[in-house]
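A.B. asks:
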Amino acid sequence: MNVERVGTDLQDTLVELTDLAAQAKQLHWNLVGPHFLSLHEQLDGLTGEVRAAADEVAERAVTIGFPPDGRVGTVAKESPLRDVPDGRVPDGRVVALVVDALDTVNERLRRRVDRLGELDAVSQDLLIGVLGGLEKRAWMFRAQLG
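When you line the sequence shown up against full-length UniProt numbering, it's residues 1 to 146, in that order.
1) Secondary structure at L31, three-state DSSP: helix, strand or coil?
2) Once DSSP output is grouped into helix, strand and coil, what is the label at V89?
3) Any idea what DSSP makes of M1, helix, strand or coil?
4) Can you tell me whether L145 is buried or exposed, with buried defined as 16 or more other CB within 10 angstroms of its CB?
5) Going by DSSP, what residue range makes up the alpha helix (DSSP H) through I128?
6) Are the CB atoms of L126 and R110 within a distance shorter than 8 Å?
7) Enumerate in chain order the residues of its own chain whose CB-to-CB distance from V15 is below 7 Å, with the five nearest sequence positions on each side excluded.
8) Around the C-beta of E49, are 16 or more other C-beta atoms found within 10 angstroms, so that it is buried, or is it exposed?
9) Please confirm if the segment 7-24 is in contact with the segment 32-51, defined as three or more CB-CB distances below 8 Å between the two stretches.
10) My output table needs one value for R71: the three-state DSSP class, helix, strand or coil.
11) Please identify the residue among E4, Q124, V98, G133 whose C-alpha is closest to the C-alpha of L39.
12) Mind checking which residues open and close the alpha helix (DSSP H) that includes R51?
13) On the three-state DSSP scale, how would you describe L97?
14) Which same chain residues end up closer than 7 Å to K25 when comparing Cβ atoms and leaving out the 5 residues on each side of it in sequence?
15) Spatial neighbours of R51 within its chain, please: CB distance less than 6 Å, with the 5 preceding and 5 following residues excluded, ordered by chain position.
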């Protein structure tokens with residue numbers, strides 16, 4: 001196994017998931033609008049799922065001998081996700097922001113899943129599971145855009 005290549009894919013995934021979880025929680029706290037309650041709960045669910053996935057990805061990296069780095073500075077420097085706005089965010093804007101972030105992560109995850117098929121089936125399987133869950137979340141948020 002090419003530990004460096006597989007580990008890099010896991011590290012990139014860890015960065016994206018860590019940022020996605022932080023963004024979902026930030027939006028959860030600052031959400032306003034008529035759909036507050038349902039979105040507030042939906043964002044909590046997304047945060048929990050993404051945090052759990054990030055932990056599994058980091059533990060897989062350690063398992064193969066690659067040191068994961070989930071430090072705030074690393075995530076801030078390396079994440080491809082756009083920043084969420086500060087202050088209160090209207091519910092419609094929250095949905096659009098989450099869909100955009102999920103689409104970015106899912107697109108990048110799909111490329112890694114394809115690449116890992118040739119490198120490490122166990123890591124590939126892990127990312128397939130993460131991708132399946134996040135694609136479902138994207139569908140549920142996207143449905144709210146109308």
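C-beta: ideal position from N, C-alpha, C; glycine also.
C.D. replies: On the basis of the coordinates in this document:
1) strand
2) Under the three-state reduction of DSSP, V89 is assigned to strand.
3) Reduced to three states, the DSSP call for M1 is coil.
4) exposed
5) 121-142
6) Not a contact, by the Cβ cut-off of 8 Å.
7) T74, V75, E78, S79
8) buried
9) yes
10) The three-state secondary structure of R71, taken from DSSP, is coil.
11) Nearest Cα to L39 within the set E4, Q124, V98, G133: V98.
12) 36-63
13) In the structure shown, L97 sits in a helix (DSSP, three-state: H, G or I).
14) If you ignore the 5 residues before and after K25, its C-beta comes within less than 7 Å of the C-beta of T47, all in its own chain and listed in chain order.
15) Hits under 6 Å: A21.
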